[in-house]
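A.B. asks:
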Amino acid sequence: MKLLQSILIVTSASGMLLPFAGGMQEGGSRISKRAKPLDPEEEDYYYEDEVDERNNPTNEAPVVPPGFLSPSVREYLDLGKSIPGRPGTDYPVLGKVPYTQFYCDDQPYPGFFADVETRCQAWHYCDIDGRQATFLCPNGTQFSQAVFVCDWWFNVRCELSPKLYAINSRLYQRPTESPTRPHRVITKELLENIFVKRK
């Protein structure tokens, strides 16, 4: 409503409606509206907080008209709010798998390995034949070397991962047969003893 009032004021003052926000002013001369350049020396240069404060100085959530966003889009937008912590500080935020110095050839056994260079957001699978595949955990999670899954960042101690690489030695081992106990053969007599009612 305020926008409509300001348009009416401009209309009544000049006699005709001219765009006034970042375009034309009275008399037809062009106005250039630019953002002031950011200073890399400032503390908040790399964070979006400053931009959010300029666009929304009261830090209130912007109001979205009912029915404007589909439920799936609304759920996607709310997902970022559900991850505790600060992205980039408490947990890494990678958009693609980075190149690191991890090589499966350097590992004594195949298996799953957290990449400490990526703060454990990336992990590697080293196959028996020496092939390597690298994957990313979703944002807000890190690869837990203890249980071989991506877990919330606050549940993972990434710096301990190299000490847990030895857990992979248990994978791909052939089970040893124990000949001490023979298999029981199921006979009709055994079934009768199990299922026949005793008096």
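According to mature numbering (1 follows the signal peptide of the UniProt record, and there is no 0), the sequence shown holds residues -15 to -1, 1 to 184 in order.
Cβ atoms here follow ideal geometry from the backbone N, Cα and C, with glycine treated the same way.
Based on DSSP bridge pairs, tell me the residues matched to Trp138.
C.D. replies: The count along the sequence shown starts at 1 and reaches residue 138 at position 153. Note: Trp138 sits in no beta bridge, so no partner.
A.B. asks: I'd like the span of the beta strand (DSSP E) that includes Leu121, first residue to last.
C.D. replies: Start at 1 with the first residue of the sequence shown, and residue 121 comes out as number 136. Residues Gln117 to Leu121.
A.B. asks: As a quick exercise: from Val170, Tyr150 and Pro72, pick the residue whose alpha carbon is nearest that of Phe87.
C.D. replies: The sequence position of residue 87 within the sequence shown is 102, counting from 1. The shortest Cα separation from Phe87 among Val170, Tyr150 and Pro72 belongs to Tyr150.
A.B. asks: For Phe97, which option in Val49, Leu121, Val78 and Lys81 has the closest C-alpha, if you only look at C-alpha atoms?
C.D. replies: Sequence index remark: in the sequence shown, residue 97 carries index 112 (1-based). Minimum Cα distance to Phe97 is reached at Leu121.
A.B. asks: From the DSSP output, in three-state form, read off Ala131 for me.
C.D. replies: Residue mapping note: residue 131 aligns to position 146 of the sequence shown, counting from 1. If DSSP states are grouped into helix, strand and coil, Ala131 belongs with coil.
A.B. asks: What would DSSP say about Tyr76, mapped onto helix, strand or coil?
C.D. replies: Walking along the sequence shown from the start, residue 76 turns up at place 91. Note: Tyr76 maps to strand in three-state DSSP.
A.B. asks: Would you grab the beta carbon distance between Pro123 and Cys105 for me? Rounded to a whole angstrom, and I think it's under 8 Å.
C.D. replies: The sequence position of residue 123 within the sequence shown is 138, counting from 1. The sequence position of residue 105 within the sequence shown is 120, counting from 1. The Cβ separation is near 13 Å, so there is no contact.
A.B. asks: Start and end of the alpha helix (DSSP H) containing Phe97?
C.D. replies: The residue given as residue 97 occupies position 112 in the sequence shown. Counting along the chain, Phe97 falls outside any alpha helix (DSSP H), though it belongs to the beta strand (DSSP E) covering Gly96 to Ala99.
A.B. asks: I'd like to know whether the C-beta atoms of Thr119 and Val78 end up nearer to each other than 8 Å.
C.D. replies: As a working note, residue 119 is residue 134 in the sequence shown. As a working note, residue 78 is residue 93 in the sequence shown. Against a cut-off of 8 Å, the Cβ pair of Val78 and Thr119 comes out as no contact.
A.B. asks: Just the C-alpha distance for Gly52 and Ile68, rounded to the nearest angstrom, thanks.
C.D. replies: To locate residue 52, count along the sequence shown from 1; it is residue 67. To locate residue 68, count along the sequence shown from 1; it is residue 83. Looking at the two C-alpha atoms, the distance is approximately 25 Å.
A.B. asks: CA-CA distance, Ala131 and Arg59?
C.D. replies: The residue you call residue 131 lines up with position 146 of the sequence shown. The residue you call residue 59 lines up with position 74 of the sequence shown. Rounded to the nearest angstrom, the two C-alpha atoms are 35 Å apart.
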